[in-house]
Amino acid sequence: MTRTVLLLLLLTRSAFAEWPPPPPLDADRLAAAGLRVVSGPRLELVTDLPPSPAIDELPSVVEAAMPAWDRYFAHTGEQAPADWRLRMYLVRDRQPLEALGLMPDRGGDFLNGLSLGYEAWVAEQSTDYYRRHLVLHEATHSYMATVLGGCGPGWYMEAMAELLGTHAWDPGSGRLELGVMPASRGASAYWGRVKSVRDAFAAGKALSVPAVMKIDNRQVLGPDSYAWVWSLAKLLDSHPRYQPRFRDLPKEVLREDFDDGFRAAFADDWSDLALEWRLFVSRLDYGYQVAPEAIDFRPGRPLAEEPAEVTVAADRGWQSTGVAVEAGRPVRLSASGRFVVHRDAEGTPWPCEAGGVTLEYFAGRPLGMLLAAIDQRESAGGEGGSAWFEGSLLRPVGVGPEAELVPLHSGTLYLRVNDSPAAVAENQGELRVIVQRVKRTAQ
Ligand SMILES: [Zn+2]
């Protein structure tokens, strides 16, 4: 027992010892090269950029990130020591750093940023948001490498840096929130990950979870790769069922078989994850709220002679009816009830019934319209290649107040009201839906 503990301690210590302190700085030579230093307790910023609030507050941003990282990684048992401090070079022109011998020996051809232990490099960006994002991205790498002793495999390393790079910063109060879903394009100018995924999806180039896990940061990655790893981290970190397992992963960053451990942790519901991943990337947008869209995959039972009555919450994504339908056997759905689907700028609620409101459309259908879909995986065996069939969760059909559906596939019937994942949680109320067999008239 004692020997194991000792061995672990030695391993941990060697991981820390790997990163040397940054080289000393010569103030005169820096000044002569047009560089200045902005100092904070957690960040020493070396930059060629002129003084401005957005640059000079960066040490405060990293200082505010420190307790957030310590909280996020608390269960690893590691915490940044009181004297943890990162040196970051933020430059428009790399040449003066080169001349002073302050560029990295390896990886000097980085595109936007690089982290090597207690030193990081960031290329100047065109917006305050994206510059801050990259500072937090590289600083996350540095925290993980020096405090946890490692960052895990490439995809996970970049996923964590992207996840904890997305942020909301209020310079007035000094409040910083990490891991936020950007509320709008304007709130995350030039970051562009949402657009990258939407464009790739529209072009039929969406990546599967295993494909995202193959992203290897030992080569220079393009913006699309960062978009994919961020998306996967965002889904796993925000989804109530996946979050505990995802947040356990920082404990495993030193394991050679990290990816095997990841697959094993998600093996039991891998098919659910694959389906929710497809849904997530198919509708990714600013402000997307993962938790209200999380699906409880409750398998349905065959519909009895008696009609089934189910309720559909207006503020949730897809909900199992608990009813299994059969391919080719028609069912009738009749919905009743009123709910609130939206509020206007003054806060006045928009009342809505199952037909939806035609004042606003989402995904080509009236906002609030009752939608139906079938999860056919039980009959198709696993994930299936037919997740895109008409009437699947990815391609639902409109129901409205009343409709007769002839299922193309057998499976569990799911219902929801039509709304954006960014807004559905603000709805209020529910619908009652009667599901019944359609009696065939005798010939
Ligand atoms: Zn990175």
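So the sequence shown is residues -17 to -1, 1 to 426, counted in mature numbering (1 follows the signal peptide of the UniProt record, and there is no 0).
Think of the CB as a built atom: it goes at the ideal place given N, C-alpha and C, for glycine as much as any other residue.
This one's a predicted model, so the numbers in the text were calculated from it and none came from an experiment.
*Should Asn410 be labelled buried (16 or more other beta-carbon atoms within 10 Å of its own) or exposed?*
buried
_Just verifying my parser: in three-state terms, what is the DSSP assignment at Arg89?_
coil
*In the DSSP assignment, find the unbroken beta strand (DSSP E) run with Phe280 in it and report its ends.*
No beta strand (DSSP E) holds Phe280; DSSP gives it neither H nor E.
*Buried or exposed (CB count within 10 angstroms, at least 16 for buried), residue 428*: Here the chain covers residues -17 to 426 and nothing more, so residue 428 does not appear.
*Just the residues with CB closer than 7 Å to a heavy atom of ligand 1, in chain order, which are they?*
Gly96, Ser98, His120, Glu121, His124, Met140, Glu141, Ala144, Asn200
*asked:* So, with DSSP's three-state summary, where would you put Thr149?
replied: coil
*Take Gly374 as the anchor and find which of Ser362, Leu388, Asp243, Pro6 has the nearest alpha-carbon.*
Leu388
*Gly135 burial status per 10 Å Cβ neighbour count (16 or more: buried)*: buried
*From which residue to which residue does the beta strand (DSSP E) around Met71 run?*
69 to 74
*Would you check if the stretch 259 to 276 and the stretch 184 to 191 touch, i.e. whether three or more CB-CB distances between them fall below 8 Å?*
yes
*Limits of the unbroken alpha helix (DSSP H) element including Tyr101*: Neither: Tyr101 is in no alpha helix (DSSP H) and is coded neither H nor E.
*Can the beta-carbon of Ile278 be found closer than 9 Å to that of Ser254?*
no
*Does the Cβ-Cβ distance between Glu121 and Trp138 come in under 9 Å?*
no
*Using 10 angstroms around the beta-carbon of Thr341, count the other beta-carbons present and answer buried if the total reaches 16, otherwise exposed.*
exposed
*asked:* Quick check for students: name the residue ranges of the beta strand (DSSP E) that lie wholly in the stretch 151 to 201, counting only runs of 3 or more.
replied: 158 to 161
*With a CB to CB cut of under 6 Å and the five nearest residues on each side skipped, what residues in its chain are close to Tyr113?*
Tyr173, Trp174
*Closer than 7 Å by C-beta to Pro275: which residues in its own chain qualify, once you throw out the five before and the five after it? Chain order, please.*
Asp298, Arg299, Gly300, Val407, Ala408
*asked:* Is the separation between the beta-carbon of Asp207 and that of Ser171 shorter than 9 Å?
replied: no
_Span separating the alpha-carbon of Ser(-4) from that of Ala346_ = Residue confidence for Ser(-4) is low, a pLDDT of 44 falling below 50, so the modelled location carries little weight; the figure read from the coordinates is stated next. Straight-line Cα distance between these residues: approximately 54 Å.
*Within the same chain, show all residues whose beta-carbon is closer than 6 Å to that of Tyr225, passing over the 5 residues directly before and after it, in chain order.*
Leu219
*Below 6 Å CB to CB, which residues in the same chain sit around Ala37 once its five sequence neighbours on both sides are set aside?*
Asp111
_Residue from Leu146, Leu414, Leu73 with nearest C-alpha to Leu316_ = Leu414
_Buried or exposed for Asp31, going by 16 or more other Cβ atoms inside 10 Å?_
buried
*What residues are listed by DSSP as bridge partners for Tyr397?*
Ser303, Ala356
_Same chain, Cβ closer than 7 Å to Gly381, five either side skipped, listed in chain order_ = Arg348, Met352, Leu354
*Which stretch, first to last residue, makes up the beta strand (DSSP E) that contains Leu249?*
A small fix is needed here, since residue 249 is Phe in this sequence, not Leu. Note, Phe249: premise wrong, no beta strand (DSSP E); not H, not E.
_Suppose you measure from the CA of Arg312 to the CA of Gln108; what does that come to, to the nearest Å?_
58 Å
*Exposed or buried, which one is His58 when buried takes at least 16 other CB atoms within 10 Å?*
exposed
*Is the beta carbon of Arg176 less than 9 Å from the beta carbon of Ala210?*
yes
*Do you know how far the Cα of Gln202 is from the Cα of Pro285?*
52 Å
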